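Chemist: First residue of the sequence shown: 10, per my numbering; consecutive thereafter.
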Amino acid sequence: MYDISKWRHVFKLDPAKWISDDDLDAICMSQTDAIMIGGTDDVTEDNVIHLMSRVRRYPLPLVLEISNLESVMPGFDFYFVPSVLNSTDVTYHNGLLHQALKEYGHSIDFEEVMFEGYVVLNPDSKVAQLTKATTALSIEDLEAYAQMVNELYRMPIMYLEYSGSYGDTEQVRAVANQLSTTQLFYGGGISTLQQAEEMAQIADTIVVGNIIYTDIKKALKTVKIKESSK
Ligand code: 1GP
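Structural data, given as structure tokens:
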């Protein structure tokens, strides 16, 4: 079984976006620690199964980050279940999860399922709009979410999601300082090695997404954080 706590760098692939075989090969052979498949719009059974089968050729941990019930399928090493803590719609706290457990609870291997305490911070991102997230959060707000996740809900992962924009290091550091057992994932706007290193100094794990599709060479360079230690 793979040890998620050792992951420093993850590439997130969006099943709704096209990627060439060469680029996918470079991503999967890059020494990243894991591949996550996930997105907000147009995540379907067809495009998830297609991407999964292409990535499965590589000996890498593969995660499905669940965004809807239709696209959940066997074959992944892990299933990450986001609970968007700053969403104003209960669907994204536990509504989808409740529905999933009603339908599939009897056949789930809970060893493979990781609950993520998500906080969405870029108001312009699709995920913020979909989940109706309250993104104008103070440092105190963020610290309270971190305490909630680490001390009370005791979730294995907290995910600070700045999707599409580079985050605020002061906010990320404030959250990191509250977490003792929960693993902090940072994702959003990483497009250079310098940004990757900066966030990797603060968070346990960084997630690199969109730059894969806009500048593959820059995306591949972000893996080099693995040469420096946290
Ligand atoms: C998105 O957190 C990931 O869910 C990564 O963000 O696409 O901005 O790199 P970017």
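A virtual CB, placed ideally from N, CA and C, is assigned to each residue, including glycine.
The structure displayed is predicted, hence computed values, not measured ones.
Say yes only if the C-beta of Asn219 is nearer than 8 Å to one or more non-hydrogen atoms of ligand 1, and no if none qualify.
Modeler: Yes, the beta carbon of Asn219 sits closer than 8 Å to at least one heavy atom of ligand 1.
Chemist: The alpha helix (DSSP H) that contains His107, what's its start and end?
Modeler: It spans Gly104 to Tyr113 - the alpha helix (DSSP H) in which His107 sits, taken as one unbroken run.
Chemist: Between Tyr168 and Gly196, how many whole angstroms is the CB-CB distance? I'm expecting something under 8 Å.
Modeler: Yes, they are in contact, since the Cβ atoms of Tyr168 and Gly196 sit about 7 Å apart, within 8 Å.
Chemist: For the beta strand (DSSP E) that contains Lys21, what are its first and last residues?
Modeler: Note, Lys21: beta strand (DSSP E), His18 to Leu22.
Chemist: Here's the rule I'm using: 16 or more other beta-carbon atoms within 10 Å means buried, otherwise exposed. How should Arg17 be labelled?
Modeler: Buried: at least 16 other Cβ atoms inside 10 Å.
Chemist: Nearer than 8 Å: is that true of the beta carbon of Tyr171 relative to any heavy atom of ligand 1?
Modeler: Within the cutoff, so yes.
Chemist: Measure the Cβ-Cβ separation of Val122 and Glu170 and say whether it is below 9 Å.
Modeler: No.
Chemist: Assuming Leu71 and Arg65 are in contact, meaning their beta carbons sit under 8 Å apart, how far apart are those beta carbons, in whole angstroms?
Modeler: Yes, Leu71 and Arg65 are in contact; Cβ-Cβ is about 7 Å, under 8 Å.
Chemist: Which full runs of the beta strand (DSSP E) of 3+ residues lie inside the region 40-103, going along the chain?
Modeler: Runs of the beta strand (DSSP E) inside the region 40-103: 43-46, 71-74 and 87-93.
Chemist: Kindly identify the DSSP beta-bridge partner or partners of Gln156.
Modeler: Gln156 is not bridged to any residue.
Chemist: Expressed to the nearest angstrom, what Euclidean distance is found between the alpha-carbon atoms of Ala153 and Asp213?
Modeler: Answer to the nearest angstrom: the Cα atoms are 19 Å apart.
Chemist: Taking 8 Å as the line, does the beta carbon of Val158 fall inside it for any heavy atom of ligand 1?
Modeler: No, the Cβ of Val158 stays beyond 8 Å of every heavy atom of ligand 1.
Chemist: Which partner residues does Glu125 have in the DSSP bridge list?
Modeler: Beta-bridge pairing links Glu125 to Pro91 and Ile166.
Chemist: Ser76 to Thr49, Cα distance in whole Å?
Modeler: Near 7 Å, if we compare the C-alpha coordinates of Thr49 and Ser76.
Chemist: Since Leu193 is in the beta strand (DSSP E), which residue starts that stretch and which ends it?
Modeler: Gln192 to Gly196 is the extent of the beta strand (DSSP E) around Leu193.
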